[in-house]
Amino acid sequence: ETGVTQTPRHLVMGMTNKKSLKCEQHLGHNAMYWYKQSAKKPLELMFVYSLEERVENNSVPSRFSPECPNSSHLFLHLHTLQPEDSALYLCASSQLLTDTQYFGPGTRLTVL
Amino acid sequence: QKEVEQNSGPLSVPEGAIASLNCTYSDRGSQSFFWYRQYSGKSPELIMSIYSNGDKEDGRFTAQLNKASQYVSLLIRDSQPSDSATYLCAVRGGGGSNYKLTFGKGTLLTVNP
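So the protein sequences, as listed, match chains E and X.
Residue numbers for the first sequence follow the working numbering, beginning at 2 and rising by one.
Residue numbers for the second sequence follow the working numbering, beginning at 169 and rising by one.
This is the structure we're talking about:
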């Protein structure tokens, strides 16, 4: 596989569930990002990791918990979400923080 | 707070015409500018980047940057129905961060056969 992959592609969960989104990049990049894309809103940066260290937490509620075990993998752990958290969650990676970002296909999340 | 403004559209052009997409940004210190294309239900795909004033051409696409006016545009020549998508303007650099991308809401382009 090449590029940035995300699983699952679609997820429906209840407000009491716990689930995780996974992102994997096969580009040898050192920085990874989580974005949220809601209807009629700009892409919102959630978290940034550089060399496995979190460098940005953009005022994201604690019900979203990121994890970056190595430079190729990024997770977003979800618990007790709200219906307004329903959105497309996009992962991206770049060689360095200042380089071009490449996006994965996204996970379409629906919270019931 | 950095802002990036785009007309939401939809912008409708006939096949073969030039589509002109515009973007303004609020942070005068911004350094890098990007255009992403996003098909419905898909992820954003980088199509152009521009870093200095003037024009940058790549095939049918031309990005134009005017830092004095805080304005960046994307021209698509000989528009094709396959160009129908939402085009996202993104800006990086300036106050507070040299790596964060700030996106506009996007402009929906429809190219009619």
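For every residue, glycine included, the Cβ atom is placed at its ideal position computed from N, Cα and C.
With a cutoff of 8 Å on beta-carbon distance, T275 (chain X) and L179 (chain X) are scored as near each other.
Within its own chain, the residues whose Cβ lies closer than 8 Å to the Cβ of R64 (chain E), once the five positions on either side in sequence are excluded, are L79, H80, T81, L82, Q83, D86, listed in chain order.
In this structure, the CA atom of Y34 (chain E) is about 12 Å from the CA atom of L52 (chain E). A distance of 8 Å or more separates the beta carbons of G29 (chain E) and S211 (chain X). Judged by their CB atoms, P43 (chain E) and T108 (chain E) are not nearer to each other than the 8 Å cut-off.
The secondary-structure analysis by DSSP pairs A187 (chain X) across a beta bridge with X:I244. Look at S39 (chain E) here: in three-state DSSP terms it is coil, with no helix or strand label. Inter-residue distance for W203 (chain X) and K273 (chain X) is about 12 Å (C-alpha atoms, whole angstroms). Counting only residues of its own chain and dropping the five nearest sequence neighbours on each side, S176 (chain X) has a CB closer than 8 Å to the CB of K273, G274, T275, L276.
Excluding the 5 residues flanking it on each side, G261 (chain X) has same chain C-beta neighbours closer than 7 Å at G197, S198, Q199, S200, in chain order. For A185 (chain X), same chain residues with a beta-carbon under 6 Å away, outside a window of 5 residues either side, are S247 in chain order.
Only residues of its own chain outside the window of five on either side were considered, and among them A93, S95 have a CB closer than 6 Å to the CB of Q102 (chain E), listed in chain order.
For the pair Y50 (chain E) and L12 (chain E), the CB atoms are not nearer than the 8 Å cut-off. Cα atoms of E173 (chain X) and L89 (chain E): separation of roughly 21 Å, rounded to the nearest angstrom.
By the neighbour-count criterion, in which a residue is buried when 16 or more other Cβ atoms sit within 10 angstroms of its Cβ, P67 (chain E) is buried. In the structure shown, D100 (chain E) falls within a coil segment according to DSSP collapsed to helix, strand and coil. Apart from the 5 residues on each side of it in sequence, V61 (chain E) sits with its Cβ closer than 7 Å to the Cβ of M47, F48 in its chain, given in chain order.
Where Y50 (chain E) is concerned, the enclosing beta strand (DSSP E) starts and stops at 45-51.
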